[in-house]
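Enquirer: If you count by this note's numbering, then the sequence shown holds residues 118 to 805, one letter each, in order.
Glycine included, every Cβ here is placed at the ideal spot set by N, Cα and C.
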Amino acid sequence: MLRTAEIDSILFRHLTGKATPALIHPTNSAFDPEGWRQVVDNEGKDRLEDRDVCLVRVAMLVGLQNAVLRTDYTADLFAGFTPSQVLILAIANANRGFLILHEKSRSALHDALEAARLEGRPIDLGAANQMLIEPAEGISPATGDDIHTALIDSLPHWFALALAPPAGTRAADENLGDVAQRAGAILSLEHAFRIVWQEALWSPWRFARLPEGGCVMMPENEDWKAGWRIWSLRDQTLHIQGAMLNRQIERMIPGVPVDQPLQLTVVAIDFDTTPPTPTLAEPSEAQSLAHRMALDALDDTYTITFADQDVGGPGVTCSLLSRVVIVLHDLVEAALPTSYDPSDPDWVEMERLACRLPIAMVAKAIASCLRIGIGLATSCIDSLTSDPAAGLSELFRIGLWHRPLVRMPDGETVLVVAGPLTWGSAIRRTERWLQSKSGDDLTKTPNGLVHEARVREDVARALAGNDVLAPGERATSHLPRGRAKEEIDLLVRIGETVLVCEIKCLLAPAEPSECFNYVRKLEKAAEQASRKATWLEGEQTLACDLLGGSSALRMIPLVVVNQSAGVGLNFDGCQITDAHFLRIVMGSGEYHSGAKFNGDEQPEFNLVTLYSSLAEAQAVLPNVFADNLGVKRYRDAVEWAFQRIPLAGDEGELMISYPVVDEEAYFASGPFAHQEEVDGDKAEETES
Numbered sequence: 118m119l120r121t122a123e124i125d126s127i128l129f130r131h132l133t134g135k136a137t138p139a140l141i142h143p144t145n146s147a148f149d150p151e152g153w154r155q156v157v158d159n160e161g162k163d164r165l166e167d168r169d170v171c172l173v174r175v176a177m178l179v180g181l182q183n184a185v186l187r188t189d190y191t192a193d194l195f196a197g198f199t200p201s202q203v204l205i206l207a208i209a210n211a212n213r214g215f216l217i218l219h220e221k222s223r224s225a226l227h228d229a230l231e232a233a234r235l236e237g238r239p240i241d242l243g244a245a246n247q248m249l250i251e252p253a254e255g256i257s258p259a260t261g262d263d264i265h266t267a268l269i270d271s272l273p274h275w276f277a278l279a280l281a282p283p284a285g286t287r288a289a290d291e292n293l294g295d296v297a298q299r300a301g302a303i304l305s306l307e308h309a310f311r312i313v314w315q316e317a318l319w320s321p322w323r324f325a326r327l328p329e330g331g332c333v334m335m336p337e338n339e340d341w342k343a344g345w346r347i348w349s350l351r352d353q354t355l356h357i358q359g360a361m362l363n364r365q366i367e368r369m370i371p372g373v374p375v376d377q378p379l380q381l382t383v384v385a386i387d388f389d390t391t392p393p394t395p396t397l398a399e400p401s402e403a404q405s406l407a408h409r410m411a412l413d414a415l416d417d418t419y420t421i422t423f424a425d426q427d428v429g430g431p432g433v434t435c436s437l438l439s440r441v442v443i444v445l446h447d448l449v450e451a452a453l454p455t456s457y458d459p460s461d462p463d464w465v466e467m468e469r470l471a472c473r474l475p476i477a478m479v480a481k482a483i484a485s486c487l488r489i490g491i492g493l494a495t496s497c498i499d500s501l502t503s504d505p506a507a508g509l510s511e512l513f514r515i516g517l518w519h520r521p522l523v524r525m526p527d528g529e530t531v532l533v534v535a536g537p538l539t540w541g542s543a544i545r546r547t548e549r550w551l552q553s554k555s556g557d558d559l560t561k562t563p564n565g566l567v568h569e570a571r572v573r574e575d576v577a578r579a580l581a582g583n584d585v586l587a588p589g590e591r592a593t594s595h596l597p598r599g600r601a602k603e604e605i606d607l608l609v610r611i612g613e614t615v616l617v618c619e620i621k622c623l624l625a626p627a628e629p630s631e632c633f634n635y636v637r638k639l640e641k642a643a644e645q646a647s648r649k650a651t652w653l654e655g656e657q658t659l660a661c662d663l664l665g666g667s668s669a670l671r672m673i674p675l676v677v678v679n680q681s682a683g684v685g686l687n688f689d690g691c692q693i694t695d696a697h698f699l700r701i702v703m704g705s706g707e708y709h710s711g712a713k714f715n716g717d718e719q720p721e722f723n724l725v726t727l728y729s730s731l732a733e734a735q736a737v738l739p740n741v742f743a744d745n746l747g748v749k750r751y752r753d754a755v756e757w758a759f760q761r762i763p764l765a766g767d768e769g770e771l772m773i774s775y776p777v778v779d780e781e782a783y784f785a786s787g788p789f790a791h792q793e794e795v796d797g798d799k800a801e802e803t804e805s
């Protein structure tokens, strides 16, 4: 069970502004161990809890390692380089890493498919991206998602050094490729220690020094750490299942009319001209398929409600930006060199690898492909551009995932970070666009109220179509502000059982601090739902007026969120679910727990019966949301691996534990594992 109370402690309060004096974090260059000792002495060592001891130990380790990195490595890392050159090196290194990782991931997936074929089973797409990849010799394996996230999220560390590189003389025989890779290794360490500290501060961990040397960090609460992995994977699966089904229909019915989202896109770029000249043409079959997959996936998310809202300048909507991203994806594929790792690259090759392009050329290509004006295309570019010179705090906090263009100091060109365009989550990208306008809690904003109304409509529609329940056995309503003591977002009656729902529209968290704040919001929402359920239980006449039924209605509190984070939790009897699963439970007594795809054949679905009568429906409601079958499959397949971070001097290495969902174990617990022979080439968890 995740509870924020597990995080609170004496030193935590000094680190988060809840107690004075404030402690300086070990990632800050002004970190002072003596200041920590004074706070510990003033508070009294005997009052410190295990969590405080962990914070002290991790802070001392991270503070020392960062001091060594700054003094011995980063202080003159880019001496003699200009800010523009550092930015080019940064993005070139990121794009090189993306290309290598993309190829390694393709190879790993091919090997996994072949291994599964030899076992006579399909590969399960619900966990296929959890295969471990070795990014480079001597570096501990990790999932492709984790490696790529670290690669992109380390870019602000480069940008910080690019603001004012020190004067100096560069080596006459310098190899730009080697310079970039060395800097990448050093700054990835700096980023790793930042993440270690953020994890230790905002999550429950244990820290110990090993007798043989080195240190280890293990989660104090495995559910806390594993939960975020599980919810992210569930979201990825849900967002793509509709797009996969659409593609299967296209394969099953040759010649079926297929909408082509873009009539023109970038298919090539001539870099021998000044400026580079893009070739625009009808999308290839592969490009058109990718376009349809991307837009279909977005159609199946809660953010589709906000698709036509401005999130930048006038006319810069989420929907338009999503199409701009598609054009940029095709553009960057054409721009990246096929030989991405030359032995001794010059600046021309590094700029090509960094996808340095004139803003005017990019705007013209976007305008032509999407049939919009140059002014609107330029506004879209502005909304998708990160500017290191304008400040780094937001870049350190949420990265470049929603703004993958990097403005150069000349103001006329941008660099293009390939990974967020290809690897990044479309739903998370859209959420960040919304966040830039409305913050991370949309609940009581106009967007949140629109979402709340849509959830009510969707649940009412699903319940009306439920063939298991007679019309008199079901009802929905809500209690608007001002009508009674409490405001209730959604009420659902099934028989004599009522779900008292608190609807929340929260953007999915990424940073450990965001995860902490998200859980705290869920706790408060659960308290609200429970309080309202208790109150309404004592107002039976009002409840019957709203919903019908008898005068002995039983109330069950429920928090309904807009995406997966938190699904399956239970706070003192208040379950957490999302609007998607609530619609499933209300719509029928059946749950599609998986689908099997085999060539151009009809997909095979697995059905699980949740209830087949009114009595069974009432019996499952107190636990069905906490016992979410999709979440349970992931949780049962979680295994633990170690990330190994080298330490300076003779300290050895820091081993930090992290969760991975094992694809074989995930498949083994799924609906198709026990068939005598499985012919499908892909299986997928579904919730429908």
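In angstroms with no decimal places, state the Cα-to-Cα distance between Glu339 and Gly134.
Expert: 27 Å
Enquirer: If contact is defined by three or more beta carbon pairs under 8 Å, each pair taking one atom from either stretch, is the stretch 732-748 in contact with the stretch 264-279?
Expert: no
Enquirer: Determine the closest residue to Ala592 out of Glu569, Arg600 and Val617, with distance taken between C-alpha atoms.
Expert: Among Glu569, Arg600 and Val617, the Cα nearest to that of Ala592 belongs to Val617.
Enquirer: If you check the beta carbons only, do Tyr751 and Val778 fall under 7 Å apart?
Expert: yes
Enquirer: Starting from Met369, trace the alpha helix (DSSP H) in both directions and tell me its first and last residue.
Expert: Glu339 to Met369
Enquirer: So what's Met248 in DSSP terms, helix, strand or just coil?
Expert: coil
Enquirer: Measuring straight from C-alpha to C-alpha, what distance separates Arg287 and Trp153?
Expert: 39 Å
Enquirer: Report the rounded CA-to-CA distance for Leu580 versus Gly344, giving the unit in angstroms.
Expert: Going from the Cα of Leu580 to the Cα of Gly344 covers about 30 Å.
Enquirer: Which partner residues of His709 appear in the DSSP bridge assignment?
Expert: Leu724
Enquirer: Please determine, among Pro454, Trp550, Ser553 and Gly429, the residue with the shortest C-alpha to C-alpha distance to Gly492.
Expert: Gly429
Enquirer: Just curious, the alpha helix (DSSP H) that Tyr635 is in, first and last residue?
Expert: Pro629 to Glu654
Enquirer: Within 10 angstroms of the Cβ of Glu402, are there 16 or more other Cβ atoms? Answer buried if so, exposed if not.
Expert: It is exposed - the Cβ of Glu402 has fewer than 16 other Cβ atoms within 10 Å.
Enquirer: Short of 8 Å in beta carbon distance, which residues of its chain neighbour Gly359, apart from the five on each side in sequence? Order them along the chain.
Expert: Asp413, Ala414, Asp416 and Asp417
Enquirer: Starting from Tyr783, follow its DSSP beta bridges and name the residues at the other end.
Expert: DSSP, once it has assigned bridges, lists no residue as partnering Tyr783.
Enquirer: Count the other CB atoms, across all protein chains shown, that sit within 10 Å of the CB of His446; report buried if there are 16 or more and exposed otherwise.
Expert: Per the 10 Å Cβ criterion, buried.
Enquirer: Note down, in chain order, each residue of its chain lying with its Cβ closer than 6 Å to the Cβ of Met335, except the 5 sequence neighbours on either side.
Expert: Arg323 and Ser774
Enquirer: Report, in whole angstroms, the separation of the C-beta atoms of Val255 and Leu771, which I expect to be a contact under 8 Å.
Expert: The identity of residue 255 in the sequence shown is Gly, whereas the question assumes Val. 15 Å between Cβ atoms; not a contact.
Enquirer: Quick one: complete beta strand (DSSP E) runs, 3+ long, within the stretch 568-599?
Expert: 591-596
Enquirer: Would you list, in sequence order, the uninterrupted alpha helix (DSSP H) runs of no fewer than 4 residues that lie entirely inside the stretch 409-456?
Expert: 435-452
Enquirer: For Gly541, which residues from the same chain have a beta carbon less than 7 Å from its beta carbon, with the 5 sequence-adjacent residues on both sides left out?
Expert: Trp518
Enquirer: Does the separation of the CB atoms of Gly301 and Gly197 fall below 7 Å?
Expert: no
Enquirer: Within this structure, are the beta carbons of Ser786 and Asp753 separated by less than 7 Å?
Expert: yes
Enquirer: Look at the Cβ atom of Phe195, then the Cβ atom of Pro328, and state whether they are nearer than 7 Å.
Expert: Pairing Phe195 with Pro328 gives a Cβ-Cβ distance that is not under 7 Å.
Enquirer: Count the CB pairs spanning the stretch 684-691 and the stretch 634-650 that are closer than 8 Å, and state whether there are at least three.
Expert: yes
Enquirer: Using the C-alpha atoms, what's the distance from Gln719 back to Met369?
Expert: 7 Å
Enquirer: Rounded to whole angstroms, what is the Cα-Cα separation between Gly797 and Gly243?
Expert: Caution is warranted here: a pLDDT of 49 is assigned to Gly797, below 50, making its placement in the model unreliable, and the coordinate value is therefore given only provisionally. So the two alpha carbons sit approximately 15 Å from each other.
Enquirer: Alpha carbon to alpha carbon, how far is Gln657 from Pro143?
Expert: 56 Å
Enquirer: Within the chosen definition, does the stretch 698-716 reach the stretch 639-648 through at least 3 CB pairs nearer than 8 Å?
Expert: no
Enquirer: What is the C-beta distance between Asn83 and Asp262, in whole angstroms, given that I count them as a contact (C-beta under 8 Å)?
Expert: Because the chain here runs from 118 to 805, residue 83 falls outside it and cannot be looked at.
Enquirer: Grab the span of the beta strand (DSSP E) containing Gln692 for me, first residue to last.
Expert: Cys691 to Asp695
Enquirer: Write down the C-beta distance between Leu379 and Ala482 rounded to the nearest angstrom, noting that I regard them as a contact closer than 8 Å.
Expert: Leu379 to Ala482, Cβ: 12 Å. No contact.
Enquirer: Under 7 Å, do Leu406 and Cys486 count as touching if we go by C-beta distance?
Expert: no
Enquirer: Applying the criterion that 16 or more other CB atoms from any shown protein chain within 10 Å of the CB defines a buried residue, is Lys602 buried or exposed?
Expert: Flag for Lys602 reads exposed.
Enquirer: Are at least three pairs of beta-carbons, each pair with one atom in the stretch 487-506 and one in the stretch 435-442, less than 8 Å apart?
Expert: Yes, since at least three Cβ pairs between the stretch 487-506 and the stretch 435-442 fall closer than 8 Å, the two stretches touch.
Enquirer: Between the Cα of Gln680 and those of Ile673, Leu699, Phe276 and Ser222, spot the shortest distance and give me the residue it belongs to.
Expert: Leu699
Enquirer: Between Ala790 and the ligand NAP, is there a pair consisting of the residue's CB and a ligand heavy atom that are separated by less than 6 Å?
Expert: Of the ligands one can find in the structure shown there are none, so the ligand NAP has no counterpart to examine.
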